[in-house]
Structures are given as C-alpha cells and as structure tokens.
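Just so you know, the protein sequences line up as chains A and B, in that order. Letter 212 of the first sequence, counting from 1, is numbered 212 in my numbering, and no numbers are missing. Letter 29 of the second sequence, counting from 1, is numbered 29 in my numbering, and no numbers are missing. In this text, a Cβ means the ideal position worked out from N, Cα and C, and glycines have one as well. Remarks on the structure that follows.
2 protein chains.
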Amino acid sequence: MPRAHHVEIQLTPKKRRTQAARTAETRSRIIAAVTDLIAERGFARTTAQEISTRAGVTWGAVQHHFGGKDGILAAVLEASFNHFADRVSETPVAGVDLETRVSSFVDKAWEHYSSRHYRTTFEILLNVQGRDDESSTADPADVPRWQGRMYEAWNEVWISVFPDARPGRRREFFIQHYTLSVLSGLAATLMLQGDGAQLPSEELDLLKRTIVAELAPSSSKDNRFDKKVD
Amino acid sequence: MPRAHHVEIQLTPKKRRTQAARTAETRSRIIAAVTDLIAERGFARTTAQEISTRAGVTWGAVQHHFGGKDGILAAVLEASFNHFADRVSETPVAGVDLETRVSSFVDKAWEHYSSRHYRTTFEILLNVQGRDDESSTADPADVPRWQGRMYEAWNEVWISVFPDARPGRRREFFIQHYTLSVLSGLAATLMLQGDGAQLPSEELDLLKRTIVAELAPSSSKDNRFDKKVD
DNA sequence: ACATTTACATATTGCATGCAATGTAAAATG
DNA sequence: CATTTTACATTGCATGCAATATGTAAATGT
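Below you can see the structure in the form of structure tokens.
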C-alpha cells in the first residue's frame, strides 16, 4: 500500500467556490506536498517540478501564493511549528500527578518529533543554514530566530504543564534542552532507519524517569516508569 | 580569524615524491576538503568546483582517484567511521571503575559526535537516502548497511569497555541505543546552533549518570555525576 | 635515455533547476 | 452583463552542475 500522499483528481468540474476557499485549499495542498516530499525524498529532490506534481497545481500557482521556493519553506516551517505547539499543548494538566504529566508531555512531543513535520523542519533548517555567507537576500528561515522561537514555545508549554516543578530558570532550561536533545536524537535515528523503525518506548520511558528525577528528586525512587531487568 | 581549512600554496616546485606518497596526500586532501565543506556549507553546496578549490586540485584528479562524487562520499564515510572508532577505542579500561569508564567513554564519543566528521556523515546519509527510488546504480552509501556497521562498532567497543556490566544483550542494545540517541540529539542541536554553542557538559553528565544507573542500579545512589541543585 | 604507466589539468557537453514574463480562467464588483 | 481583480497555467531563459573526453606532467620500469 503506497504511503505517498495522493492528490484526488476530480474529473468533473468543481462547484463554484469563493476565492478565499480556493486560496486556502491551494496553499494547504502546496504546504502538505512540500512537507511530504522533503520528508520522503529529501530537501534536494523537492524541486519545483515535484512540488507542482504532488500538489496538483502549476508553478504559477505556487509563485502567486508564495513567491517562490523560499516563501514555501517559510510557510512550511510555520505550519510545522504549529503542529508542534498543537501537539504539546494537548497535555492534560489539571489534577494530574507529575509522573503522568511528564509521560503525557513526552508522548505528545514525540508525536511531533516522529512526524514528517519535524523531519521536514530539520532538513529545511539544515539546508538553509549553509547559505549564511551568500547573498543578503531575505532568509526564508533565519535559523537562530527559529530556534529561539522553538525554545520559547518549549518554555511556555513546560511552565504550563509543570507549574509545580520549578527548580529554577537555569535548571529548567537544562532539563528542557536535555529532553529536546533526546527527542531530536531519537528522531535522527528514525530518519536514517526509515520504514520498519519501532516506537522507541523503552527509550522514551527512560527519558520520562530522568525528567521526573530531575524535577522531583525525592519522588524518583519509586518511579512507575522503572523497567524490570529482564 | 577564518576557520576554513586553508590549503598551503607552495610557490617552489615540490621535491620528487613517490607515486604512493602523491596518491596518499591527494586523497587525504580531497577527503578533508569534502568533510570540511559539507560540515560548513552543507551537502548541496559541496559542488565539484568547491571541492577542487578547497582541496587544491582539479576535478580530473578527483575523478582519477574516486571516479566521481559518489566515490568521494563513500571514502568520506569510511574516514568518518574510522574517526569514530579511533575516538571511542581510546577509552581506558584496565583497573578503572565503572563510573570513570562511563565518563571517559561518553567524552570520547562526544568528541566524534561534536565533530565535523559526524555532521558530514549525517548529511551524506540523509541526502543519499532520498535516492532509494531512483536509478539502480551502485549506492555510495547504503544507509542500512552503514547503520548496521555503526551499531556493530558501538557494540564491540561497549563490550570491551564494560565487560563487567552485562545486563543482557537486549538491555545492552537498549542502553547503547539510548546513549547514541542522546549524543545524536545533542549533535543535532549543535548543528543548528553553529558557532558559539557551548559544550553541553550538564547534559553529558546527566547521560553519564543515566548510563551508570542502567548498568549498575545498586551503585547509582551515590553517583559522582550528581548535580547539586542551585 | 626511452617507453610505459599513473597522476593530474583543461575544455566541453548535456541536463536539471528556479524563476520571470505573459496569457487564460475564475471570482468579485459595479 | 461588463469590467476589474485574483488565481492559475504555460513558455522560455539563464544559470549551475556533474561527468566525459582529451591532453600534459610526473613517476616507474627496462
């Protein structure tokens, strides 16, 4: 069963739609096409030709909506950022003990990091970064700015999910950075493993135990994420 | 002060050298040039032109030695693999307690993961991977094979460094995979942060504590990597 | 010293690519 | 319904790129 996103080709004329509806649908299809293509075939093979084919539109439509490749990349980064923010903000907080919140948060974050949204973001930032010493034209993805934004989003969600676990700003940043690094690392191995990769549930459980131990040292001894030695 | 690797331009004719010496030097320069270029400017901007300029040879020389781009990439992966194996095999083992060995091993591994060797390897594998559905010409980097090799190397070194910590094959693989993921993740954030990124010593310390706790659960309570809460 | 082999340099070719310019279709407005 | 605006399609151009073909320089063998 093919995994590639298929564009439904309608053989009958579409019923009349508003321009806003047309615009929204076309932009959405183009963004989805780019996200899928980069995740599946890599940044370099995501050509204008491939984008047009996958999105089911011509390059003129892409140009009209986004101006060009850089404009699409910026839009894709924005969409991916929203995907991340949407995922992690789904973490239930009220009346939930620390361990459960940590577990839920890590699971939600992993939904993003294991998705093609993350991979696409990572490839875009990696490829755009190498341009630093080139022309001064507007950067579609100011890498430091995106990372700052990502850290801010992490911090905001973290504080809302763990308002009762505040070991201090510096230490919180460290724990967040560690968490982000583990998730990125698992995502990196997933990228290279491709199809057939298993959910790294043991690794995620170890991460959860680690986070709980760092946030609440006294409660970590009796941790429900503990793994029985086989 | 520029960080780019500079090729020394000799204005006087070199003294006579053997062909083997000439071959070794040229190949070495080309491999170093590609490693540096990919790490600094990204895979896509590492063109034949850039490689020739950086290595101080012409494309004809590159072709003669490597056949083409794919040949260079395969050679660069090999060199990077050796860099990794060299680093981690420097871990002192005899008469060293577990915690010290863990610390040394992680530090040595980080020397590789924080290096341009790792970044170059990662970019090559990421870019080559997207070709899977293209022509059937010989793959310069069979990604699954490289990963299998990497896991084998990890396991060999791991067993030699931790012969007294054998919780079982499955669990060892899990701990190795977690370790590799954390290092990859720290490397991924380093890639995007670029210059000015600090050594993530706290994250590496937490990783060390985690490994010790997983390898020797009973000794982890009095762990010298413990961080005082600020 | 000369012939052969290997290392390297140079010029050219064919292809892929993003984007600009221009034209057409669909929706909105008067 | 006519005009205007916006969405989209088509064509062509300029550039960058890897690789090929061929020639020259350096090292080796006889």
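- With a threshold of 8 Å between beta carbons, residue 178/A makes contact with chain B.
- Residue-level contact check: residue 210/A touches chain B, since one or more beta carbons of chain B fall below 8 Å from its beta carbon.
- For the alpha helix (DSSP H) assignment, the uninterrupted runs of no fewer than 4 residues enclosed by the stretch 107-170 of chain B are, from N- to C-terminal side, 116-129, 143-161.
- DSSP places residue 16/A in the coil class of the three-state scheme, outside both helix and strand.
- Using beta-carbon distances, residue 189/A counts as an interface residue toward chain B, with a partner under 8 Å.
- Nearest to residue 118/B by C-alpha distance, out of 166/B, 197/B, 82/B, 69/B, is 82/B.
- In this structure, the CA atom of residue 206/A is about 16 Å from the CA atom of residue 108/A.
- Inter-segment contact for the stretch 156-163 of chain A and the stretch 81-97 of chain A is present: three or more beta-carbon pairs are separated by less than 8 Å.
- Taking the C-beta atoms as reference points, residue 140/B is found nearer than 8 Å to residue 70/B.
- Of the other Cβ atoms in all chains shown, 16 or more fall within 10 Å of the Cβ of residue 185/A; this residue is therefore buried.
- The stretch 169-187 of chain A makes no contact with the stretch 149-156 of chain B, as fewer than three CB pairs between them are under 8 Å.
- Distance between residue 170/A and residue 32/B, taken at the CA atoms: about 38 Å.
- In the structure shown, the three-state DSSP call for residue 176/B is helix.
- Counting only Cβ-Cβ distances below 7 Å, residue 182/A has contacts in chain B at 181, 182, 185, in chain order.
- Proximity of chain B to residue 44/A at the Cβ level (cut-off 9 Å) is accounted for by 43, 44, 127, 130, in chain order.
- Cβ proximity to chain B below 7 Å picks out 143, 147, 167, 168, 170 from the stretch 138-170 of chain A.
- The beta carbons of residue 204/B and residue 128/B sit no closer together than 8 Å.
- With a beta-carbon spacing of about 6 Å, residue 34/A and residue 46/A fall inside the 8 Å limit used to define contacts.
- According to the DSSP assignment, residue 53/B belongs to the alpha helix (DSSP H) that extends over 48-55.
- Shortest Cα-Cα distance from residue 146/B to any of 200/B, 168/B, 122/B, 131/B involves 122/B.
- Assigned with DSSP and collapsed to three states, residue 92/A falls in coil, not helix or strand.
- The beta carbon of residue 175/B is closer than 6 Å to those of 214 in its chain, skipping five residues each way along the sequence.
- Nearest to residue 198/A by alpha-carbon distance, out of 53/A, 114/A, 59/A, is 114/A.
- Residue range 201-215 is occupied by the alpha helix (DSSP H) that includes residue 205/B.
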